[in-house]
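A.B. asks: Count the sequence shown with my numbering and you get residues 81 to 243, in order.
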Amino acid sequence: ELAEEEVPAFIDNGDGTISDPRNKLMWAKSDSFAEFKYGINWFEAQDYCESLNEKEFAGYDDWRLCSTEEAKTMFSFTKSSVDKDGSEIHIDEVFAPEGGHNTWTYVEKPDYHQYAEKFSYVTGNEVWEHKDNEYSHVRLVRDASEREDYEPEWRKNTKKFQR
Numbered sequence: 081e082l083a084e085e086e087v088p089a090f091i092d093n094g095d096g097t098i099s100d101p102r103n104k105l106m107w108a109k110s111d112s113f114a115e116f117k118y119g120i121n122w123f124e125a126q127d128y129c130e131s132l133n134e135k136e137f138a139g140y141d142d143w144r145l146c147s148t149e150e151a152k153t154m155f156s157f158t159k160s161s162v163d164k165d166g167s168e169i170h171i172d173e174v175f176a177p178e179g180g181h182n183t184w185t186y187v188e189k190p191d192y193h194q195y196a197e198k199f200s201y202v203t204g205n206e207v208w209e210h211k212d213n214e215y216s217h218v219r220l221v222r223d224a225s226e227r228e229d230y231e232p233e234w235r236k237n238t239k240k241f242q243r
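#1: When burial is assigned at 16 or more other CB atoms within 10 Å of the CB, is S110 buried or exposed?
#2: According to the Cβ coordinates, are H181 and S200 closer than 8 Å?
#3: Using three-state DSSP, classify Y230 as helix, strand or coil.
#4: A125 and W184 look like a contact to me (Cβ under 8 Å); what is the Cβ gap, rounded to whole Å?
#5: Assign D142 to one of two classes, buried (16 or more other C-beta atoms within 10 Å of its C-beta) or exposed (fewer than that).
#6: Can you tell me whether N205 is buried or exposed, with buried defined as 16 or more other CB within 10 angstroms of its CB?
#7: Measuring alpha carbon to alpha carbon, tell me which of M154, V202, D212, K164 ends up nearest F113.
#8: Using only the alpha-carbon positions, how far apart do S99 and S225 sit?
Below is the structure:
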C-alpha cells in the first residue's frame, strides 16, 4: 500500500483522460474550449456531455458535469497552467493547456433554477452564473472504477520495495 503522499494527484492515462486516484475520479484531459474554441452555456455543456457519452469517449459512456466540490479538487495553489488567453490558471500541468479558465458544474441554485454554479481556476471561487451565459466552459468527469481488481497503470509500473 502506497503512503498518501506517494500517490500521484493526477495521472495522464494517455487516452485523453486524467485519473485522480485520491478522489477516485477520471477527468477529460481537455475541456469544451479545446473542442469548440468558444464559450458555451450550461445547456450546451449538457449537450457536449451527452455527445461524448454517445461517442463513448475513451471507452466510457458515463461522463458528467462535476460537482463544485469535485471541481475544487483540480484547483492547485502550487501548480499552474495557462488558459486560452495565456493567463495563469491554477490546475496541474498534466491537463491540456489553453483551455477555459472555469467549468460549469451540475449544481443548480435552489429555488432559482435559471442559475448554476461555475468554478473558476483563476480565483479558486465558485459563483452562481445564469445558465444562458455563453462565456463559460466545461471539463467532464466520471467516477473511476471501484472494482477490487482495478489497478491503475501507474501502480502496475511501481516497483515494490522494502523499507
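Think of the CB as a built atom: it goes at the ideal place given N, C-alpha and C, for glycine as much as any other residue.
As the structure is a prediction and not an experimental result, all values here were calculated from the model.
C.D. replies: Taking the definition as stated:
#1: As a working mapping, residue 110 is identified with position 30 in the sequence shown. Looking at its Cβ environment, which holds 16 or more other Cβ atoms inside 10 Å, S110 is buried.
#2: The residue you call residue 181 lines up with position 101 of the sequence shown. The residue you call residue 200 lines up with position 120 of the sequence shown. Taking 8 Å as the Cβ cut-off, H181 and S200 qualify as a contacting pair.
#3: The residue you call residue 230 lines up with position 150 of the sequence shown. Here Y230 scores only 48 on pLDDT, less than 50, and its place in the model should not be relied on; the value that follows carries that caveat. If DSSP states are grouped into helix, strand and coil, Y230 belongs with coil.
#4: Residue 125 sits at position 45 when you count from the first residue of the sequence shown. Residue 184 sits at position 104 when you count from the first residue of the sequence shown. Indeed they touch by this definition, with Cβ atoms about 4 Å apart.
#5: Numbered from its first residue, the sequence shown carries residue 142 at position 62. Flag for D142 reads exposed.
#6: Indexing the sequence shown from 1 puts residue 205 at position 125. Its Cβ having fewer than 16 others within 10 Å, N205 is exposed.
#7: Taking the sequence shown and counting its residues from 1, one reaches residue 113 at position 33. Checked all of M154, V202, D212, K164; the closest Cα to F113 is K164.
#8: Position 19 of the sequence shown, counted from the start, is the residue given in the question as residue 99. Position 145 of the sequence shown, counted from the start, is the residue given in the question as residue 225. S99 and S225: Cα-Cα distance of roughly 10 Å.
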